[in-house]
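> Chains as they are written, first to last, in this note's numbering: chain A, 5 to 604; chain B, 22 to 358.
Using N, Cα and C, we set each Cβ at its ideal position, and we do this for glycine too.
Sharing a structure here in structure tokens format.
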Amino acid sequence: MKRTKWLALFAVFAMVLAACGDSGGDGTTTTADGGTPTTEDGTTDTTQAPVEGGAGSGGAITLLQWQAPSGLNPFLSGGTKELLAASLILEPLAEYSPSAELVPVLATEIPTVDNGGVSEDLMSVTWTLNEGIMWSDGTPFTADDVVFTWEYCTQTPDCTQSSFFGGISSVTAVDELTVLVEFDAPTPFPYNAFVTYQSPILQKAQFEACVGANAAACTDENFGPIGTGPYVVTDFRTNDVASYEFNPNYRGVAADKPFFSEVVIQGGGDAEGSARSVLELGEADYGWNLQVDPNVLANMEAAGNGTVKAGFASNVERLMINQTNPDPALGDLRSEYDGGNNPHPFLTNPDIVRALSMAINRQELVDVGYGAGGQPTCNVWPAPPAQSTNNDWCLTQDVEGAIALLDEVGAVDSDGDGIREYEGTPLSVLYQTSTNAVRQSNQELVKSYWDQIGVETELRNIDASVFFGGDQASPDTYQKFFADIEMYTNGSGSPDPQTYMGNWTCDQVVTSDNFGGSNISRYCSADYDALYQELTETADADRRAEITIQLNDLTVNDGVMVPLIWRASVSAFSNTIQGVGDLNGWDSEYWNIEDWTRSG
Amino acid sequence: MGQYIIRRTLIAIPTLVVISFVIFIILDLAPGDPTASLPLTVPPEVRERIRETLGFNDPFLIRWFKWMSQMFIAEPLNATEQVFNVSLGDSEERLRILSWSSRAPVIDTILERLPQTIWVLGTAFILGVLIAIPVGVISAYKQYSAFDNVGTFVSMAGYSMPVFFTGVLAIVIFSVWLDWFPSFYDTTHKVTDFDSFVFQLKQMAMPVGVLALFNAAALSRFTRSSVLDNLNEDYVRTARSKGLRENRVLLRHVLRNSLIPVVTLIALQIPGIFAGAIITETIFRINGLGKYLIDSILAADIPAVQTLTFIFAALTVFFNLIADVTYGLLDPRIRYD
Numbered sequence: 005m006k007r008t009k010w011l012a013l014f015a016v017f018a019m020v021l022a023a024c025g026d027s028g029g030d031g032t033t034t035t036a037d038g039g040t041p042t043t044e045d046g047t048t049d050t051t052q053a054p055v056e057g058g059a060g061s062g063g064a065i066t067l068l069q070w071q072a073p074s075g076l077n078p079f080l081s082g083g084t085k086e087l088l089a090a091s092l093i094l095e096p097l098a099e100y101s102p103s104a105e106l107v108p109v110l111a112t113e114i115p116t117v118d119n120g121g122v123s124e125d126l127m128s129v130t131w132t133l134n135e136g137i138m139w140s141d142g143t144p145f146t147a148d149d150v151v152f153t154w155e156y157c158t159q160t161p162d163c164t165q166s167s168f169f170g171g172i173s174s175v176t177a178v179d180e181l182t183v184l185v186e187f188d189a190p191t192p193f194p195y196n197a198f199v200t201y202q203s204p205i206l207q208k209a210q211f212e213a214c215v216g217a218n219a220a221a222c223t224d225e226n227f228g229p230i231g232t233g234p235y236v237v238t239d240f241r242t243n244d245v246a247s248y249e250f251n252p253n254y255r256g257v258a259a260d261k262p263f264f265s266e267v268v269i270q271g272g273g274d275a276e277g278s279a280r281s282v283l284e285l286g287e288a289d290y291g292w293n294l295q296v297d298p299n300v301l302a303n304m305e306a307a308g309n310g311t312v313k314a315g316f317a318s319n320v321e322r323l324m325i326n327q328t329n330p331d332p333a334l335g336d337l338r339s340e341y342d343g344g345n346n347p348h349p350f351l352t353n354p355d356i357v358r359a360l361s362m363a364i365n366r367q368e369l370v371d372v373g374y375g376a377g378g379q380p381t382c383n384v385w386p387a388p389p390a391q392s393t394n395n396d397w398c399l400t401q402d403v404e405g406a407i408a409l410l411d412e413v414g415a416v417d418s419d420g421d422g423i424r425e426y427e428g429t430p431l432s433v434l435y436q437t438s439t440n441a442v443r444q445s446n447q448e449l450v451k452s453y454w455d456q457i458g459v460e461t462e463l464r465n466i467d468a469s470v471f472f473g474g475d476q477a478s479p480d481t482y483q484k485f486f487a488d489i490e491m492y493t494n495g496s497g498s499p500d501p502q503t504y505m506g507n508w509t510c511d512q513v514v515t516s517d518n519f520g521g522s523n524i525s526r527y528c529s530a531d532y533d534a535l536y537q538e539l540t541e542t543a544d545a546d547r548r549a550e551i552t553i554q555l556n557d558l559t560v561n562d563g564v565m566v567p568l569i570w571r572a573s574v575s576a577f578s579n580t581i582q583g584v585g586d587l588n589g590w591d592s593e594y595w596n597i598e599d600w601t602r603s604g
Numbered sequence: 022m023g024q025y026i027i028r029r030t031l032i033a034i035p036t037l038v039v040i041s042f043v044i045f046i047i048l049d050l051a052p053g054d055p056t057a058s059l060p061l062t063v064p065p066e067v068r069e070r071i072r073e074t075l076g077f078n079d080p081f082l083i084r085w086f087k088w089m090s091q092m093f094i095a096e097p098l099n100a101t102e103q104v105f106n107v108s109l110g111d112s113e114e115r116l117r118i119l120s121w122s123s124r125a126p127v128i129d130t131i132l133e134r135l136p137q138t139i140w141v142l143g144t145a146f147i148l149g150v151l152i153a154i155p156v157g158v159i160s161a162y163k164q165y166s167a168f169d170n171v172g173t174f175v176s177m178a179g180y181s182m183p184v185f186f187t188g189v190l191a192i193v194i195f196s197v198w199l200d201w202f203p204s205f206y207d208t209t210h211k212v213t214d215f216d217s218f219v220f221q222l223k224q225m226a227m228p229v230g231v232l233a234l235f236n237a238a239a240l241s242r243f244t245r246s247s248v249l250d251n252l253n254e255d256y257v258r259t260a261r262s263k264g265l266r267e268n269r270v271l272l273r274h275v276l277r278n279s280l281i282p283v284v285t286l287i288a289l290q291i292p293g294i295f296a297g298a299i300i301t302e303t304i305f306r307i308n309g310l311g312k313y314l315i316d317s318i319l320a321a322d323i324p325a326v327q328t329l330t331f332i333f334a335a336l337t338v339f340f341n342l343i344a345d346v347t348y349g350l351l352d353p354r355i356r357y358d
């Protein structure tokens with residue numbers, strides 16, 4: 005009796021499973037008939053009736069951004085996720101290719117001194133705009149819109165991209181298609197304003213009423229900017245989904261661009277889930293920012309649905325070496341520069357820092373945490389053409405050499421506790437970073453390397469929102485630097501190193517009076533400052549690269565920073581998507597989305 | 022009864038004001054900075070200006086009063102305007118609660134997120150209750166039978182396996198191996214015909230299944246023990262000795278009495294439907310209210326966190342009242358006058 009009951013129960017269960025299986029099969033067929041394997045709900049009918057083979061003939065493409073965009077106004081939200089989502093709609097005058105070359109977008113050409121676009125005294129730059137460009141609402145794009153964009157950002161106090169407009173005294177419309185940008189001082193590298201997806205052009209007619217204090221209240225505008233780009237937003241849900249359709253007024257329509265009629269940016273979930281969707285399940289076409297365990301990612305890639313791509317720019321994971329004394333006993337003087345009177349007891353000795361650097365096996369750090377998304381590097385400025393080769397000694401781990409070097413400078417273990425002392429101070433460091441699985445695994449490895457050379461390491465990790473938050477009262481921020489060594493990633497927003505290399509001049513040293521300084525290591529060198537001054541006055545590209553290499557070598561040789569890993573952005577593409585080329589690390593990863601097509 | 026409800030509602034008002042104040046204090050003490058997620062290339066002086074315009078640097082009490090006036094004056098007025106399509110006072114200048122990360126009105130985002138949250142969590146909840154109560158009653162009635170043992174095993178397994186494990190397991194089995202269901206939830210999907218309804222069922226299947234299992238597990242154990250307690254009561258023996266049929270004894274007498282503690286549990290779980298399920302929503306990529314709350318916390322988006330937690334608090338207070346009223350319906354001995 006009992007047995008028959010069980011059998012019946014099992015039979016019911018089996019029927020339920022079978023029913024589910026059937027409906028699953030049916031659903032797949034209906035969507036496959038729709039011709040777009042990526043949309044699950046069969047929303048293939050677009051409002052425009054696309055011409056066969058023409059612009060918008062390619063159906064829908066699904067892009068996964070697990071950190072979803074919160075808005076579409078790049079001037080109010082500076083995060084990459086928002087900038088990316090906006091870059092389908094808004095365009096700058098010029099953008100960078102993956103190889104860091106400037107490419108004109110809305111401008112006819114890149115202005116230079118040679119073609120007369122940049123004045124001889126480097127005080128102004130003249131942009132000529134392409135003729136006949138239309139906003140997606142059908143009105144013409146003119147120089148007034150460019151001028152308005154400058155006014156918008158400079159008059160809105162919370163404009164996140166205002167550093168792009170720094171040093172500009174005026175932007176004027178010479179005529180309908182000519183914009184004159186004038187600077188306060190000679191500017192050898194004038195391509196910050198209106199260049200890259202971080203500083204695109206807004207439509208004056210749309211945003212005129214949204215300047216200054218009104219900026220935040222303009223929700224409709226911030227969620228639906230009118231642009232000149234290949235797509236128009238149709239539905240925007242903050243931190244969730246952004247839906248686009250192709251812009252019939254796009255200048256590329258005559259050349260059958262863009263191919264896809266619809267774009268959906270789907271947010272939510274996590275990096276691993278996105279990677280699975282693209283690589284293993286093939287249910288999406290692109291997955292952004294896949295910082296996933298390299299082994300897991302490689303297994304998923306082996307399923308054969310997609311490919312992982314890495315886009316290198318200038319981001320470097322590095323150890324910042326505190327040049328001041330963080331001893332808690334110092335009270336208010338803790339990690340204060342104090343005019344150079346509060347040096348670190350041993351980390352100001354470049355040889356000790358060099359020994360710490362030599363002991364590290366950078367390749368192992370990459371293999372454990374970064375995979376395709378990282379390369380060992382010995383430079384603070386990692387990217388060509390200003391890539392230094394003078395520090396390549398650090399690429400091979402040399403524990404013996406590190407030990408010899410420490411012995412040589414007199415940092416020896418005199419009391420037999422296994423930890424070396426330098427001028428009476430034990431080589432014991434507090435090493436902090438933000439809370440993140442990859443960083444903690446790298447921290448453990450670095451600690452084990454340093455154990456081998458007699459340096460004691462105490463590890464600490466701090467929640468990212470506190471560590472990178474600017475709370476001046478918190479002792480745990482990276483600016484406060486109440487530790488000997490800290491690890492994080494920094495990089496330049498532009499392929500030109502000038503702004504970035506300016507981070508380590510004496511006037512940028514972080515102090516309690518100058519909490520906003522960017523010189524976190526509290527490094528101050530007259531040589532560095534003089535060389536940097538020269539960089540800001542030099543226009544010749546080759547000479548600029550030379551100076552950058554020298555500046556880079558100074559920071560490394562003086563033991564201010566220990567570069568570890570040159571980090572790339574990692575994204576996955578479905579194998580059916582063609583025409584992507586290299587992943588762009590310097591600009592929007594969607595910079596050439598109008599050229600993307602689907603095969604098969 | 023009516024008086025009782027009015028009295029309870031009046032007590033709820035100061036309770037909620039205190040709750041909102043406590044939430045504000047906790048958020049104020051918690052570390053975090055709305056500009057922390059910006060790239061390091063954004064210079065500190067720009068960050069300071071952003072904090073200034075957001076009102077992050079305003080004194081605590083000013084921020085609290087501002088939020089209170091927005092929550093209890095501006096938002097209700099705005100809602101009335103939208104519903105009745107009228108203009109009340111200076112509606113252009115009235116400031117709504119704006120999120121610090123999206124700069125959009127928090128209430129609008131909450132309304133945008135409600136459908137998917139209620140679809141998934143509501144269905145999972147109802148399904149959980151529908152499974153749990155019969156299973157609990159039968160398990161108790163046939164204590165130590167095969168059904169009871171299997172039920173105990175399944176509910177223990179369901180309760181002890183965390184959603185982040187069962188969820189990923191479900192994705193691996195049903196999406197990766199069997200390819201039956203999509204691994205993520207499309208919030209823009211609209212049900213228009215039979216096919217789209219089937220798709221809606223398919224995208225709901227995994228999250229609802231996983232959550233329903235979890236909900237049912239706890240609730241069925243609870244129902245089982247409550248029914249067991251009642252089965253040994255004297256009134257059950259009396260009912261049986263009167264010659265009542267077993268069905269009547271079980272369903273009319275035992276079940277009704279056993280449901281009183283179960284109803285409390287169910288009523289207090291309902292606000293949880295609106296609070297969302299943070300882990301499930303992350304795993305199945307459902308951008309519901311739970312995901313909104315956790316994103317806001319991570320982004321130090323204080324207005325959003327404050328508004329969301331306050332709404333959850335208000336719902337909890339409200340459903341507490343509902344539970345108390347329901348006792349009276351289940352058990353005539355409970356009086357409120």
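(1) Quick one: what does DSSP say Lys87(B) is sitting in, helix, strand or coil?
(2) Measuring only between beta-carbons, confirm whether Gly157(B) sits less than 9 Å from chain A.
(3) Going by DSSP in three states, Met3(A) sits in which element: helix, strand or coil?
(4) Residue range of the alpha helix (DSSP H) that Tyr201(A) falls in?
(5) Where does Trp397(A) fall in DSSP's three states?
(6) Label Lys85(A) either buried or exposed according to how many other C-beta atoms from any shown protein chain fall within 10 Å of its C-beta, with 16 as the threshold for buried.
(7) Do Leu539(A) and Leu558(A) count as a contact pair if the criterion is CB distance below 9 Å?
(8) Measure the alpha-carbon distance for Val458(A) versus Phe486(A) and round it to whole angstroms.
(9) Apply the 10 Å Cβ neighbour rule to Val38(B) and answer buried if 16 or more other Cβ atoms are within range, or exposed otherwise.
(10) Have a look at Ser120(B) and Ala321(B) and give me their C-alpha separation to the nearest angstrom.
(11) Rounded to the nearest angstrom, what separates Thr493(A) and Met324(A) at their Cα positions?
(12) Name the one or two DSSP bridge partners that Arg464(A) has.
(13) Sorted by chain position, which residues of the same chain lie with C-beta nearer than 7 Å to Asn119(A)'s C-beta, five sequence neighbours on each side aside?
(14) Just to confirm the assignment, what range does the alpha helix (DSSP H) spanning Val416(A) have?
(15) Rounding to the nearest angstrom, what Cα-Cα distance links Leu329(B) and Ile44(B) in this structure?
(16) Kindly give me the distance between the Cβ atoms of Tyr453(A) and Ile524(A), rounded to whole angstroms, as I take these residues to be in contact under 8 Å.
(17) Within the same chain, show all residues whose beta-carbon is closer than 8 Å to that of Gly228(A), passing over the 5 residues directly before and after it, in chain order.
(18) Which chain B residues are close to Asp591(A), counting only those with a beta carbon under 7 Å from its beta carbon?
(19) Taking Cβ positions only, does Pro161(A) come closer than 9 Å to chain B?
(20) Count the other C-beta atoms from every protein chain shown that fall within 10 angstroms of the C-beta of Gly428(A), then say buried if there are 16 or more, exposed otherwise.
(21) Is DSSP giving Val245(A) helix, strand or coil here?
(22) Buried or exposed, going by whether 16 or more other CB atoms sit within 10 Å of the CB of Thr35(A)?
(23) Output, in chain order, the set of chain B residues within a Cβ distance shorter than 7 Å of Thr280(A).
(24) Would you verify that the beta carbon of Val470(A) is, or is not, closer than 9 Å to some beta carbon of chain B?
(25) Is there a Cβ of chain A sitting closer than 9 Å to that of Ile291(B), yes or no?
(26) If you follow the beta strand (DSSP E) that Ser278(A) is part of, which residue opens it and which one closes it?
(27) Using a Cβ-Cβ cutoff of less than 8 Å, which residues in the same chain neighbour Gln165(A) once the five nearest sequence positions on both sides are dropped?
(28) Could you compute how far the alpha carbon of Thr380(B) sits from the alpha carbon of Ala145(B)?
(29) Look up Arg548(A) in the DSSP assignment and say whether it is helix, strand or coil.
(30) Taking only beta carbons into account, state which residues of the stretch 50-84 of chain B come closer than 8 Å to chain A, listed in chain order.
(31) Which residues, in order along the stretch 243-272 of chain A, keep a beta-carbon less than 8 Å from a beta-carbon of chain B?
(32) Name the chain A residues that come within less than 8 Å of Asn308(B), Cβ to Cβ?
(33) So does the stretch 574-584 of chain A actually touch the stretch 292-312 of chain A, counting three or more Cβ pairs closer than 8 Å?
(34) When you compare the CB positions of Met505(A) and Leu568(A), do they come within less than 9 Å of one another, or not?
On the basis of the data shown:
(1) Lys87(B): helix per DSSP, three-state reduction.
(2) No, Gly157(B) does not count as interfacial toward chain A.
(3) An answer regarding residue 3(A) cannot be provided, because it is not within the stretch 5 to 604 covered by chain A.
(4) Following the DSSP letters along the chain, one finds Tyr201(A) in no alpha helix (DSSP H), marked with neither H nor E.
(5) Residue state, collapsed to three classes: helix.
(6) By the 10 Å Cβ count, Lys85(A) comes out buried.
(7) Contact: no.
(8) First, the amino acid is wrong: residue 458(A) is Gly here, not Val. Those two C-alpha atoms are separated by around 23 Å.
(9) Result: exposed.
(10) The alpha-carbon atoms of Ser120(B) and Ala321(B) are separated by roughly 10 Å.
(11) Roughly 10 Å separates the two Cα atoms.
(12) According to DSSP, which records beta bridges pairwise, Arg464(A) is partnered with Gln436(A).
(13) Correct list, in chain order: Glu113.
(14) In this chain, Val416(A) is not harboured by any alpha helix (DSSP H), its DSSP state being neither H nor E.
(15) So the two alpha carbons sit approximately 11 Å from each other.
(16) Not really, about 23 Å apart at Cβ, beyond 8 Å.
(17) Around Gly228(A): Leu76, Val237, Phe240.
(18) The premise fails here: Asp591(A) is roughly 14 Å from chain B at the closest Cβ pair, so nothing lies under 7 Å.
(19) For Pro161(A), the answer is yes, since a Cβ of chain B falls inside 9 Å of its Cβ.
(20) With fewer than 16 Cβ atoms within 10 Å of its Cβ, Gly428(A) is classed as exposed.
(21) The answer is strand: DSSP assigns Val245(A) an E or B state.
(22) Caution applies to Thr35(A), whose pLDDT of 34 falls short of 50 and renders its modelled position unreliable; the value that the coordinates give is listed next. Per the 10 Å Cβ criterion, buried.
(23) Residue 280(A) is actually Arg in this sequence, not Thr. The answer, in chain order, is Ser204.
(24) Yes, because at least one Cβ of chain B sits closer than 9 Å to the Cβ of Val470(A).
(25) Between Ile291(B) and chain A, the shortest Cβ-Cβ separation is not below 9 Å.
(26) It is not in any beta strand (DSSP E) - Ser278(A) instead sits in the alpha helix (DSSP H) that spans 275-279.
(27) Closer than 8 Å at the Cβ level, and outside the excluded window around Gln165(A), lie Pro78, Phe79, Gly82, Cys157, Gln202, Ser203.
(28) Given a span of 22 to 358 for chain B in the structure shown, any question on residue 380(B) remains unanswerable.
(29) In the displayed model, Arg548(A) falls within a helix according to three-state DSSP.
(30) Along the stretch 50-84 of chain B, going in chain order, the ones with a CB nearer than 8 Å to a CB of chain A are Pro52, Gly53, Asp54, Thr56, Ala57, Ser58, Leu59, Pro60, Leu61, Thr62, Val63, Pro64, Pro65, Glu66, Val67, Arg68, Glu69, Arg70, Ile71, Arg72, Glu73, Thr74, Leu75.
(31) Under the 8 Å Cβ criterion, the stretch 243-272 of chain A contributes Asn243, Asp244, Val245, Ser247, Val268, Gln270, Gly271, Gly272.
(32) Neighbours of Asn308(B) on chain A, chain order: Ala72, Arg241, Asn243, Asp244, Val245, Gly271, Gly272.
(33) Using a C-beta cut-off of 8 Å, the stretch 574-584 of chain A makes contact with the stretch 292-312 of chain A, since at least three inter-stretch Cβ pairs fall below that distance.
(34) No, Cβ-Cβ distance for Met505(A) and Leu568(A) is not below 9 Å.
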